[in-house]
Amino acid sequence: MPELPEVETTLRGIEPFLKHAKISNIVIRHFSLRWPINPQLAEILAGQTIQQLYRRAKYLLLQCDNGTLIIHLGMSGRLRILTASENIAAEKHDHFDLLVNNEHILRYTDPRRFGAILWTEQPLAQHPLFAHLGPEPLTELFNTAYLFDKSKTRRCTIKTLIMNGKIVVGVGNIYANEALFMAGIYPGTIANKLTSKDCDRLITAIKVILARAIKAGGTTLKDFRKSDGKPGYFAQELSVYGRKGQACLQCNNLIEHYKEAQRGSFYCPKCQKNI
DNA sequence: AGTATCTCCTGCGTGC
DNA sequence: TGCACGCAGGAGATAC
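Per this note's numbering, residue 10 is the first one in the first sequence, and the count goes up by one each step.
Structure follows, in structure tokens:
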């Protein structure tokens, strides 16, 4: 499940092949992703040069001559770099190919098709998907004062709050669980109960967990693969996610599990306090 | 405006 | 072996 570290890992993997490269050809095999792919996309992209690549939230952005290609991996999406001369046949869920410099292919694969490939010519700050996004978690904008200000009036749970892209981007279910464990906060705690000190621990935990996950190349549970086809190794470092009934690594108590907003919450009842 | 719920989709695990 | 079923979840859409 690609969250920020998986998208960042993918970006770093594909960037050397795509930066300053000229788009030679596009193959679209399946137009219906989360939103339909623009039927004219192949004609629009052909001949453009990819000026630069970057990430905002969980979106990968390929800035071209005349606009930006927006790629979201959804739940099960992944991107690979293939060598064109090897002519590797597309499989069932390989929905999109981008050939650059007649040399390399960026191939998008997404069994569940929750992802998206969109083209926009407007500045991203004005784009509806980007206009209301919160700060990046690994920047200074995401700090204790900011989180405390946002949380002190909210009646949703703290887990829901940190997974809300208007508050902070890139924190999905896995890393929300892990960060709350590291901060010692029960995921079902009502956000407005948190003190400034709680927010301080949580801010630190989110930053540390995300940075570690990026360093490990992301978390591979089932679908995720880096752009070279290899898995990420952060799954081995998970403390609570997916560990229901197993011993807490800090206190040996059993990890518990409940569902909140259709998402699994894992926590240690001894290490994590309901404030 | 804030909050909760619904929705899209496929592959996999489980139980009969 | 086969089938029905439930589950996983990012995040926009919708309803209050």
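Using N, Cα and C, we set each Cβ at its ideal position, and we do this for glycine too.
Considering only the beta carbon of each residue, do Y68 and I53 sit closer than 8 Å?
no
Quick test of the definition: if touching needs 3 or more C-beta pairs under 8 Å, does the segment 73–91 touch the segment 235–246?
yes
Please report the straight-line C-alpha distance between A64 and E145, rounded to a whole angstrom.
As written in the sequence, residue 64 is Arg, which differs from the Ala given in the question. Going by the C-alpha atoms only, they are around 10 Å apart.
CA nearest to the CA of R59, picked from P25, I37, S41:
The sequence given here has Ile at residue 59, not Arg. Ranking P25, I37, S41 by Cα distance to I59 puts P25 first.
V180 - containing beta strand (DSSP E), residue span
Run containing V180: none; DSSP gives neither H nor E here.
Between the CA atoms of Y195 and Q49 - distance to the nearest angstrom:
48 Å
Could you tell me whether the segment 164–179 touches the segment 248–255, where touching means 3 or more Cβ pairs closer than 8 Å?
no
Tell me whether S41 is buried or exposed, calling it buried when 16 or more other Cβ atoms sit within 10 Å of its Cβ.
exposed
Where the alpha helix (DSSP H) containing Y195 begins and where it ends
Note, Y195: premise wrong, no alpha helix (DSSP H); not H, not E.
Mapping the DSSP letters down to three states, classify L263 as helix, strand or coil.
strand
Residue from D119, Y267, G22, G227 whose Cα sits closest to the Cα of G83
D119
Taking a contact to mean a Cβ-Cβ separation below 8 Å, would you say I223 touches E12 in this structure?
no
Below 8 Å, can you find three or more Cβ-Cβ pairs linking the segment 148–155 to the segment 101–116?
no
Identity of the residue in S85, I284, I215, N34 nearest R43 by Cα:
S85
Nearest candidate by alpha-carbon position, reference L133, set L78, G181, I114:
L78
Short Cβ contact (8 Å threshold) for I32 with Q57
yes
Who are K31's beta bridge partners in DSSP?
T58
Beta-bridge partners of I90, as assigned by DSSP
L115
Which residue spans inside the segment 128–185 form an unbroken alpha helix (DSSP H) run of at least 4?
153–160, 167–171
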